[in-house]
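In what follows, a structure is listed as C-alpha cells, so that the remarks can point back to it.
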Amino acid sequence: MNETPAIDPLFSRANTHESDSCQYSNSLGDDPQSSSMPTIAEVDLAITGMTCASCVARVEKKLNKLAGINAVVNLATERAHIEITQAAATLRDADLIQTVEKAGYGAKLLTRTDIDPDGGRNSASDTDIAALEADVKAAGMKRVRDLRTKFWIALFLSTPIIIFSMFPALQFTGWQWVIGVLCLPLGVWCALPFHRAAFRAARHGSTTMDTLVSLGVVAALGWSYWALFFTGAGKLGYTMQMSGIHRLGAHGTAGAAPGIMAPHIYFESAAMIVTFLLLGRWLEARSRRNAGSALRALLELAADTAFLVRDAQGNLVEQKIPAAQLTVGAIFRVNPGEKIATDGVVIAGTSAIDASLLTGESVPVEVAPGDSVTGATINTSGSLLVRATRVGEDTQLAQMGRLLTQAQTGKANVQRLADKISSIFVPCIILISLLTFAAWLAFGSTFEAALIPAITVLVVACPCALGLATPTALLVGSGAASRSGILISGPEVLERAHAINTIVLDKTGTLTTGEMQVSSIRWLSTQQNLPRDLVLQIAASLEAHSSHPIAQAIVRYVDQTLPPPAARPIITEVDSGSGLGVHGFYEPTQGLDFPSERAEKLPIAIGNIDWLAKFIATDFREIRILTEEINIKAGATAVVCTFANEPIAIFSVKDTLRPETPQLLADLKAQKIEPIMISGDAPEIAAAVGAELKIQAQGGVRPEGKVAVVKALQAAGKSVGMFGDGVNDGPALAAADLSIAVGSGSDVAKAAADITVLSGLPAVTKAIQISRRTLRIIRENLAWAFGYNLLAIPLAIFGVIIPGIAAAAMAASSVIVVANSLRLYRD
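7 is the number of the first residue of the sequence shown in my numbering; add one for each residue after it.
Written out as C-alpha cells, the structure reads:
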C-alpha cells in the first residue's frame with residue numbers, strides 16, 4: 007500500500023472513455039465469401055477424425071446446409087470457422103456440434119463471439135476456452151504419440167513378413183503361417199485408425215482416403231488368409247517366387263506336391279501398406295503441428311494475471327487478478343520484466359517496452375505518460391501505471407489472433423478447385439479400381455493377378471496431398487508473417503499480391519512521420535537589432551496558444567534548440583486566424599534582454615503571407631517570392647513571422663520523411679513494383695518530395711481523388727496496391743487490388759486493408775515477398791499433388807508398381823507437401 011495523493015486525479019477520470027480508448031473496427035478481417043446478411047456471431051469448432059480433403063468437404067457440406075450458416079473447414083488446423091447470420095439466430099452451439107457428429111466426426115466448441123449491430127464483439131461462451139485449447143492440444147499430441155507407437159510396432163512386425171516373402175532362400179517350412187500370425191495384429195490393431203475412419207465414413211454414407219487404405223488392406227489380407235486356409239498356399243513346404251522388379255509374381259509352389267502351383271499370398275503387401283502409411287501419418291501429424299506453431303505461440307503471448315490498482319481512501323491498493331477480468335478504464339501496475347496485461351495508456355512512470363514477440367521490432371520503445379501500450383508486450387525497466395483502453399476481443403493481440411486464424415482457415419481459389427476434385431476423388435478411385443480388376447480379368451488374368459493392380463490403385467491414390475497443399479502453406483506463411491509483425495487477412499490476398507506491379511503510397515503519416523518540424527529559418531534584413539533567440543522565444547510563446555501542427559512544430563523547435571528562459575515572454579490579446587496564422591501582442595518584462603526603445607507592447611504575428619497581408623501594411627512581394635521558392639524547392643510550408651508589423655523571419659516547416667522510406671522504395675523497385683506517391687498537400691510540396699525520393703508524385707489529392715487515382719491506374723491495365731494509414735485512405739484502400747495499412751494508423755484504414763503491418767515500413771515489401779513465396783509454395787504443392795496422382799494411378803492400373811511401393815509413394819506424397827510448405831520458415 008502506498009500513499010498517492012498526487013495520483014488521485016488519475017482515478018477520477020479512470021472511467022471516462024476518452025479518445026484513446028477507441029475500439030478496433032470489427033469489420034477487419036471479415037470473410038469476403040460470407041453472405042450479404044450481416045454476421046451476428048462467429049463460432050470456432052475443433053474437429054476430430056478428419057484425415058483428408060474428402061473429410062473436409064463432407065463437414066463443410068453438412069454445416070453449410072444449415073440456413074444462415076457460412077462454414078469453412080481447414081484440414082491443417084483441424085478447425086471449422088462458422089459465421090452465423092440472422093437466419094440462424096436460433097441455432098445453438100450444440101446444434102452445430104451435432105451436425106458435425108452426424109457427418110461422422112467429433113467436434114468441440116472453442117470460441118463463440120456474438121457481434122453487436124454496431125460491430126462490438128463479445129464472448130458469449132461460459133466454457134473454459136483455455137482448458138478446451140489445452141485439451142485439443144493434448145489430443146493432438148496424443149494422436150502423434152499413438153501414430154508413432156503403431157508405426158514402430160508395425161515396423162517390428164512387418165520386417166520379418168517382408169523379408170520372408172521376398173527372399174525364397176529364407177522361407178523355412180511353415181513360414182507362411184508365421185507371417186500370417188504376425189500380420190493379424192498388424193492388419194487389425196496397427197491399421198485400426200484407417201479401418202475406424204473408413205467405417206465411420208461408410209456408416210454416414212461417405213468415403214474418404216481411409217476407405218481406400220482400408221479396402222486395400224482388407225483385400226490383401228482377405229485373399230491371403232483365404233489362400234492360406236483353402237488352397238495349396240497353406241501346405242508345409244510352400245514357397246513363393248518373385249517374377250519382376252516392380253511387381254510380385256502371381257505364383258507359388260505347393261511344397262510336397264512339386265510342380266503344382268499354389269496362389270500367391272500378399273501379407274507383405276498389407277504389411278507395407280500399413281507400415282508406410284503409418285509412417286506418413288505420423289510425420290504428417292508432427293509437421294502439421296509445427297506448421298501451426300505460430301498461431302499457438304501468438305495466442306499464448308497473453309498475460310495470465312494483472313495487478314489491479316484501486317484507490318482505497320487515499321491509498322493505492324494492488325490486487326492480483328486474472329488478466330481476463332480487467333475492464334475498460336481499470337488501472338493496473340506493470341512491474342519490470344512483466345507482460346502488459348491488456349492494451350492501454352500509460353498514466354504514470356517511464357520505461358522501455360519490448361514488442362519483439364508481437365511485432366518483430368527488435369528495439370524497445372520508450373514510453374511515458376500519455377503513450378499507448380499494447381497487451382502482451384514486455385515492460386523491460388521502470389514500473390508503469392496503465393489505464394486499460396481495450397480488453398478481451400478488442401485488444402490488438404486478439405485482433406491479430408483473429409486475423410491469423412481467419413487467414414489460416416480461409417481458402418484461396420486454387421484450393422477451392424482442389425476441394426471440388428477431392429469431393430469426388432475417392433468414389434472415382436474405387437470405380438477405377440473395380441474397372442482395373444474387371445479389365446485384367448477380361449484380358450485373361452487370374453483372379454489374384456487382377457486383384458493386385460486393383461489394390462494398388464486403391465493404395466496409391468492420394469487426396470491427402472490435395473487437401474494439404476494450400477492449408478499447410480497458409481499456416482506456415484501466415485505464421486512467418488505474424489512473427490514479423492505482418493497480418494494477412496485471408497488466403498485470396500496471396501493471389502492478388504502476386505500480380506501487383508504498381509503501388510500507390512500515401513505521403514503524410516506513411517512515407518513521412520506525420521509530425522511537422524521546422525526544417526530551416528530564413529532571417530530577413532529588417533529588425534537586425536533584435537536578438538534572434540529572443541525572437542524565437544517570443545514566437546514560441548505566441549504559437550503555444552495554437553494547436554495547429556505548424557504552430558506546435560515551431561514550439562517544439564524552440565524548446566529543443568534553446569535553453570529554457572528565466573521567464574517566458576508574455577503574449578496577450580491572442581487571435582487565431584482559422585488555421586492561417588496567429589496574432590498577438592508581446593509585453594516586455596523585467597529580466598528579458600530587449601532594447602529599451604522597444605519596451606512598449608508590440609504586435610507579433612506568424613502565418614500565411616496572404617493572411618498577414620490583410621492587416622499588415624507591408625509590401626510582401628519579395629517575401630512572397632522567397633516563400634514560393636521554399637515551397638517548390640524544399641517541399642516545405644513557409645510561414646512568415648512579423649514583429650512590430652515588419653517581417654523578421656520565414657519558418658520552413660515540413661513533414662519529415664521516415665528514416666526507412668528510401669529503403670522501402672528501393673525494395674519496391676527491386677521487386678519491379680512502381681511506387682507512386684499521392685498527397686493532400688499542395689502540388690508543389692508533393693512534387694518536391696517526389697523529386698527528393700525520385701518517384702512519381704501527385705499533390706492536392708482529396709480522399710475521393712485517391713480513389714480516382716487508383717481506378718485510373720487500374721483502367722490503364724495496372725495491378726494496383728495501396729498503402730496508407732489515415733481515415734481518408736480507407737476508400738482508396740478498399741478500391742485497390744491489394745491494400746496495406748500501417749498498424750499505427752486509423753481503424754478505418756486497417757478495416758479496409760488486406761495486409762496490416764505493425765513493425766514499420768520495411769514490413770511492406772516483406773509482406774509482399776511472403777505473400778508471393780507462399781503462393782509459389784501453394785502452386786508447387788498443388789502441381790505435385792495433381793502430378794503425383796496423374797502419374798501414379800496409370801502405373802498402378804498397368805501393374806508397374808506393387809501395393810507396398812504404392813503405399814510408400816502415397817505416404818511420401820503428403821509428407822512432401824507438408825515439408826515443402828515448411829520451407830517458408832527458412833526462406
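For glycine and all other residues, C-beta sits at the position ideal for the given N, C-alpha and C. Source: prediction; values computed, not measured.
Three-state class that DSSP yields for residue i in the structure shown
{"i": "Arg127", "result": "strand"}
{"i": "Pro653", "result": "strand"}
{"i": "Gln325", "result": "strand"}
{"i": "Ala759", "result": "coil"}
{"i": "Phe205", "result": "helix"}
{"i": "Asp36", "result": "Any reading at Asp36 must be qualified, since the residue scores a pLDDT of 38, below 50, and its modelled position is unreliable; no value is offered."}
{"i": "Tyr592", "result": "strand"}
{"i": "Asn70", "result": "helix"}
{"i": "Ile271", "result": "coil"}
{"i": "Ser378", "result": "strand"}
{"i": "Lys513", "result": "helix"}
{"i": "His554", "result": "coil"}
{"i": "Lys143", "result": "helix"}
{"i": "Leu598", "result": "Since pLDDT at Leu598 reaches only 47, below the 50 mark, its modelled position is unreliable, and the value read off the structure follows with that caveat. Leu598 falls in the coil class under three-state DSSP."}
{"i": "Ser686", "result": "The question names Ser, but residue 686 in the sequence shown is Gly. Gly686: coil per DSSP, three-state reduction."}
{"i": "Glu454", "result": "helix"}
{"i": "Lys345", "result": "strand"}
Per-residue burial, residue i [other beta carbons within 10 Å of its own, 16 or more giving buried]
{"i": "Val821", "result": "buried"}
{"i": "Trp183", "result": "exposed"}
{"i": "Ile631", "result": "exposed"}
{"i": "Pro537", "result": "exposed"}
{"i": "Arg151", "result": "exposed"}
{"i": "Pro594", "result": "buried"}
{"i": "Asn647", "result": "Note on identity: in this sequence residue 647 is Cys, with Asn being the wrong assignment. Cys647 is buried by the Cβ-count criterion."}
{"i": "Ser602", "result": "Only weak support exists for where Ser602 lies, its pLDDT of 44 falling under 50; the value from the coordinates is given anyway. Exposed is the call here."}
{"i": "Lys6", "result": "Look at the range of the chain in this structure, 7 to 833, and you will see that residue 6 is not part of it."}
{"i": "Ser526", "result": "exposed"}
{"i": "Ala815", "result": "buried"}
{"i": "Val823", "result": "buried"}
{"i": "Thr478", "result": "buried"}
{"i": "Met147", "result": "exposed"}
{"i": "Asn128", "result": "exposed"}
{"i": "Ile169", "result": "exposed"}
{"i": "Leu575", "result": "For clarity, residue 575 is Pro in the given sequence; the question names Leu instead. Counting Cβ neighbours within 10 Å, Pro575 comes out buried, since at least 16 surround it."}
Host alpha helix (DSSP H) of residue i (start-end)
{"i": "Thr628", "result": "Looking at the sequence shown, residue 628 is not Thr but Glu. Element bounds for Glu628: Arg627 to Glu635."}
{"i": "Ala672", "result": "Thr667 to Ala676"}
{"i": "Tyr231", "result": "Met215 to Phe236"}
{"i": "Arg778", "result": "Pro768 to Ile803"}
{"i": "Val49", "result": "Looking at the DSSP string, Val49 is not in any alpha helix (DSSP H); the run it does join, the beta strand (DSSP E), is Thr45 to Thr54."}
{"i": "Ala545", "result": "Arg538 to Glu549"}
N-terminal and C-terminal residue of the beta strand (DSSP E) that residue i is part of
{"i": "Tyr111", "result": "Premise fails: Tyr111 is in no beta strand (DSSP E) and is neither H nor E."}
{"i": "Ile494", "result": "Ile492 to Ile494"}
{"i": "Pro609", "result": "Leu608 to Gly613"}
{"i": "Trp195", "result": "No beta strand (DSSP E) holds Trp195; DSSP gives it neither H nor E."}
{"i": "Leu97", "result": "Leu97 -> no beta strand (DSSP E), and no H or E assigned at all."}
{"i": "Asn80", "result": "Ile75 to Asn80"}
{"i": "Gly727", "result": "Val726 to Gly730"}
Whole-Å CB distance - residue i paired with residue j, under 8 Å assumed
{"i": "Ala741", "j": "Val716", "result": "5 Å"}
{"i": "Val334", "j": "Val397", "result": "6 Å"}
{"i": "Ile776", "j": "Ala487", "result": "5 Å"}
{"i": "Ile90", "j": "Val65", "result": "With 8 Å as the limit, Ile90 and Val65 do not qualify as a contact, their Cβ atoms being about 16 Å apart."}
{"i": "Leu530", "j": "Val588", "result": "About 19 Å separates the two Cβ atoms, so there is no contact after all."}
{"i": "Pro809", "j": "Val465", "result": "5 Å"}
Does the segment 155–162 touch the segment 220–237, meaning 3 or more C-beta pairs lie closer than 8 Å? no
Stretch-stretch touch, CB-based, cutoff 8 Å, three pairs: the segment 491–500 with the segment 654–668: no
So, do the segment 545–564 and the segment 670–687 have three or more beta carbon pairs nearer to each other than 8 Å? no
Segment contact, 8 Å Cβ cut-off, at least three pairs: the segment 444–459 with the segment 797–807: Between the segment 444–459 and the segment 797–807, the count of C-beta pairs closer than 8 Å reaches three or more; the two stretches touch.
Is there contact between the segment 206–213 and the segment 270–287, where contact requires at least three CB pairs shorter than 8 Å? no
Touch test, the segment 618–633 against the segment 512–521, Cβ-Cβ under 8 Å, three pairs minimum: no
Determine contact between the segment 546–559 and the segment 689–705, defined as no fewer than three beta-carbon pairs at a distance below 8 Å. no
At least 3 beta-carbon pairs within less than 8 Å: the segment 174–188 vs the segment 210–222: no
The segment 185–199 touching the segment 275–291, judged by at least three CB pairs closer than 8 Å: yes
Taking one C-beta from the segment 346–360 and one from the segment 370–390 each time, how about it: are there three or more such pairs within less than 8 Å? yes
Quick one: any contact between the segment 776–791 and the segment 430–443, if contact means 3 or more CB pairs under 8 Å? No, because fewer than three Cβ pairs between the segment 776–791 and the segment 430–443 fall closer than 8 Å, the two stretches do not touch.
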